[in-house]
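Protein chains in written order, with my numbering: chain A, 84 to 359; chain B, 84 to 359.
Only one structure is covered here, and it is reproduced in the block below.
The following block contains the structure:
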């Protein structure tokens with residue numbers, strides 16, 4: 084390999100994005116999650132570096148924070164029974180979803196579409212997979228705060244950022260992908276308005292959902308079943324850390340959301356008219 | 084490091100997911116894209132390995148296949164003028180979107196929500212960023228066929244798979260993420276029904292959108308502006324290649340889509356009633 088080629092390859096290698104799985108023991112309510120992550124990283128023969136982003140499964144955060152509910156302890160309301168019958172769901176689970184959801188927008192057999200903390204999600208984040216038998220897990224009360232706490236506690240190791248990763252479904256697509264439920268230390272989105280494309284033309288309204296992209300990358304490894312990878316080190320993202328400003332949020336208001344324009348206006352009928 | 088630790092670290096390293104950017108020169112209509120990718124990989128000091136997945140930006144495929152339209156050549160219809168006025172869009176661009184879209188479902192200033200080839204997307208995949216000035220790019224006519232062709236042509240290098248990556252927006256989220264517009268050589272989704280979680284409980288209806296997750300991982304590096312990374316080698320995904328069966332599709336029919344349940348039934352009002 085000649086010098087120029089080697090240099091190029093070296094530069095290339097520096098830009099490789101690495102997703103490194105971190106395995107760890109079962110997390111229980113009350114576990115110090117940051118210490119568990121620290122130990123997991125060490126036991127996996129790894130160490131943190133400046134610029135690393137730790138992606139943590141939201142279920143891990145929920146479990147450690149005791150945000151799990153024993154289904155047997157729940158008394159369903161009349162509405163939970165009604166919706167349970169309508170959507171073929173266990174009324175106790177519906178009851179938990181109704182308590183967690185800010186709004187229910189729709190549903191299919193066994194699942195409800197809900198709005199929770201400004202995020203559209205299935206069952207308001209309530210889930211019974213990878214939770215102890217007989218329990219449902221809820222989203223952390225304050226995901227941003229949880230992300231901040233993990234980052235702060237691990238900041239003695241390196242200047243890191245944190246993404247809390249949940250699963251989501253998207254319109255007309257089969258299969259779950261990753262969602263950046265919260266971030267700390269990085270900007271969840273990159274504002275590209277005013278930057279230029281490869282032809283030098285300015286971009287007018289493009290934002291890049293960098294945290295959601297990285298959450299999906301980590302979610303690929305975390306999986307949905309018994310992969311046993313509840314945390315992933317994202318290395319080489321080349322984001323300046325810390326980047327997050329207080330007023331930044333990846334949440335869109337409904338009036339700026341393309342999909343809500345269709346949900347709100349029931350625009351399918353309108354569009355069908357326009358199409359006809 | 085003791086032997087056990089070293090073994091663990093070795094096993095760990097084997098499971099690292101690597102996203103390796105591939106830079107290449109500008110692609111023009113008529114360029115042999117597979118050869119351009121082959122050359123780009125070589126010029127970046129890289130080579131393909133069995134199990135690698137090549138993520139290719141859909142715009143690259145479109146441009147090579149001549150799926151770009153000179154805006155000046157387009158004569159808008161009356162409907163394009165009407166919708167252009169309604170959504171503050173250039174009527175020529177609206178005209179191209181109307182020709183490409185199977186259905187228009189909604190809109191916001193400067194963008195339409197459309198259904199195209201069973202995929203919900205902004206402006207039916209029509210885009211003016213990273214296209215030559217004065218041109219709009221369209222989706223490839225047959226993205227699955229394009230993915231198959233790239234895979235076949237590069238199969239003399241190694242047993243690889245291909246994902247064609249586009250950008251998409253998702254409900255109530257700011258910023259674009261990746262979409263697996265087409266795949267070849269891997270299954271776009273992983274059916275986890277019947278597999279078990281970490282507590283041994285069976286999963287009843289979970290599918291993992293593995294190709295969309297990986298498309299987002301690649302999209303993180305590809306970006307939206309002048310990053311100049313139109314292809315990414317995904318290494319370490321550990322998918323058996325080839326996996327894709329003919330009847331597999333990541334597309335959901337509207338009656339199985341949680342979001343469409345809200346769009347179709349205008350369920351927000353219903354749900355508001357239920358909530359009240």
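Positions of the beta carbon are idealized from the N, C-alpha and C atoms, including for glycine.
The structure displayed is predicted, hence computed values, not measured ones.
Start-to-end residues for the alpha helix (DSSP H) that takes in residue i
| i | result |
| --- | --- |
| residue 231(B) | 226-237 |
| residue 147(B) | 141-147 |
| residue 172(A) | Residue 172(A) -> no alpha helix (DSSP H), and no H or E assigned at all. |
Nearest neighbour of residue i, chosen from the options [CA to CA]
| i | options | result |
| --- | --- | --- |
| residue 221(B) | 264(B), 241(B) and 276(B) | 264(B) |
| residue 337(A) | 294(A), 154(A), 203(A) and 254(A) | 203(A) |
| residue 100(B) | 316(A), 244(A) and 323(A) | 316(A) |
| residue 237(A) | 139(A), 298(A) and 289(A) | 139(A) |
| residue 245(B) | 301(B), 335(B), 207(B) and 194(B) | 301(B) |
| residue 241(A) | 277(A), 121(A) and 113(A) | 121(A) |
| residue 155(B) | 225(B), 307(B) and 217(B) | 217(B) |
| residue 199(A) | 224(A), 228(A), 275(A) and 281(A) | 224(A) |
| residue 226(A) | 215(A), 212(A) and 208(A) | 208(A) |
| residue 210(A) | 129(A), 152(A), 169(A) and 312(A) | 152(A) |
| residue 320(A) | 215(A), 144(A) and 243(A) | 243(A) |
| residue 110(A) | 171(A), 148(A) and 272(A) | 148(A) |
| residue 131(B) | 239(B), 170(B), 271(B) and 160(B) | 239(B) |
| residue 98(B) | 322(B), 332(B), 342(B) and 343(B) | 322(B) |
| residue 212(A) | 309(A), 295(A), 167(A) and 159(A) | 309(A) |
| residue 266(B) | 146(B), 167(B), 333(B) and 113(B) | 333(B) |
| residue 133(B) | 335(B), 318(B), 344(B) and 339(B) | 318(B) |
| residue 171(A) | 281(A), 159(A), 296(A) and 194(A) | 194(A) |
| residue 113(B) | 127(B), 150(B), 129(B) and 228(B) | 150(B) |
| residue 127(A) | 344(A), 339(A) and 314(A) | 314(A) |
| residue 289(A) | 296(A), 274(A) and 160(A) | 274(A) |
| residue 229(B) | 168(B), 142(B), 125(B) and 159(B) | 142(B) |
| residue 250(B) | 214(A), 296(A), 276(A) and 277(A) | 296(A) |
| residue 281(A) | 345(B), 215(B), 339(B) and 277(B) | 215(B) |
| residue 159(A) | 129(A), 201(A) and 179(A) | 179(A) |
| residue 343(A) | 167(A), 201(A) and 276(A) | 201(A) |
Span of the beta strand (DSSP E) around residue i
| i | result |
| --- | --- |
| residue 220(A) | 218-220 |
| residue 194(B) | 194-199 |
| residue 203(A) | 202-205 |
| residue 319(B) | Premise fails: residue 319(B) is in no beta strand (DSSP E) and is neither H nor E. |
| residue 191(B) | 186-191 |
| residue 209(A) | Element bounds for residue 209(A): n/a, residue is neither H nor E. |
| residue 152(B) | 151-153 |
Whole-Å CB distance - residue i paired with residue j, under 8 Å assumed
| i | j | result |
| --- | --- | --- |
| residue 102(A) | residue 262(A) | That pair is no contact at about 16 Å. |
| residue 108(B) | residue 291(A) | Their Cβ separation, rounded to whole angstroms, is 24 Å, which puts residue 108(B) and residue 291(A) out of contact at 8 Å. |
| residue 252(A) | residue 298(A) | Going by Cβ atoms, the distance from residue 252(A) to residue 298(A) rounds to 14 Å, so no, they are not a contact pair. |
| residue 136(B) | residue 312(B) | At roughly 15 Å, the Cβ-Cβ gap does not stay under 8 Å, so residue 136(B) and residue 312(B) are not in contact. |
| residue 197(B) | residue 188(B) | 7 Å |
| residue 341(B) | residue 205(A) | 6 Å |
| residue 105(A) | residue 123(A) | 5 Å |
| residue 272(A) | residue 293(A) | 6 Å |
| residue 255(B) | residue 335(A) | 5 Å |
Does the pairing of the region 117-137 of chain B with the region 220-234 of chain B give three or more beta-carbon distances under 8 Å?
yes
Beta strand (DSSP E) segments (min. 3 residues) lying fully within the region 233-316 of chain A:
Restricted to the region 233-316 of chain A, the beta strand (DSSP E) segments that are unbroken, complete and at least 3 residues in length are 244-251 and 260-267, listed in chain order.
Any 3 or more C-beta pairs closer than 8 Å across the region 282-295 of chain B and the region 171-182 of chain B
no
Validate contact between the region 249-260 of chain A and the region 182-189 of chain A using beta carbons, cut 8 Å, 3 pairs
no
Please give the ranges of any beta strand (DSSP E) in the region 94-132 of chain A, keeping only runs that are unbroken, at least 3 residues long and fully inside the region.
100-105
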